[in-house]
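A short write-up of the structure that comes next.
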Amino acid sequence: MKRKLIALSQRYVAALRKHLKQGPRAIPPCGTARGLGRQAVAIGLETLDVARIHDGALASLEASSGKDGVIESSLTDGEASSTSAETRGGAGRDTHARPS
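Per this note's numbering, the sequence shown starts with residue 1294, numbered consecutively.
Next comes the structure, spelled out in structure tokens:
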């Protein structure tokens, strides 16, 4: 399983790199995403496992770019704010806000 997980992770990074190079208005390649999802299910991964692969892919692409903000500059404003909120653990909500 470990070899399959590594291979899936590498394919995920390659697909994400290709998608981000197309820019913020790119139409997601549904066939590629569907194939990666089916492979993840086939090897027994769950949602959190795929989220970890995505997080690792982002870190890998950011490290290999040699520039800060390359990933965020490829995202639309909504995607970038959602991604940064998820990174903070807030999943789109302000974790420091006081209840009304």
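In this text, a Cβ means the ideal position worked out from N, Cα and C, and glycines have one as well.
Cβ distance (whole Å) where residue i is taken to contact residue j below 8 Å
i, j, result
"residue 1273", "residue 1302", "The structure shown does not extend to residue 1273, since the chain is modelled only from 1294 through 1393, so no value can be given for it."
"residue 1354", "residue 1310", "6 Å"
For residue i, the first and last residue of its enclosing alpha helix (DSSP H)
i, result
"residue 1338", "Where residue 1338 is concerned, there is no enclosing alpha helix (DSSP H), given that its DSSP letter is neither H nor E."
"residue 1319", "Here residue 1319 belongs to no alpha helix (DSSP H), and DSSP marks it neither H nor E."
Status (buried if at least 16 other CB within 10 Å, exposed otherwise) for residue i
i, result
"residue 1370", "Below a pLDDT of 50, predicted positions are generally treated as unreliable, and residue 1370, at 48, falls in that range; the measurement from the model is reported next regardless. Residue 1370 comes out exposed."
"residue 1319", "exposed"
"residue 1292", "This structure gives no information on residue 1292, because the portion of the chain shown stretches from 1294 to 1393."
"residue 1333", "buried"
"residue 1346", "buried"
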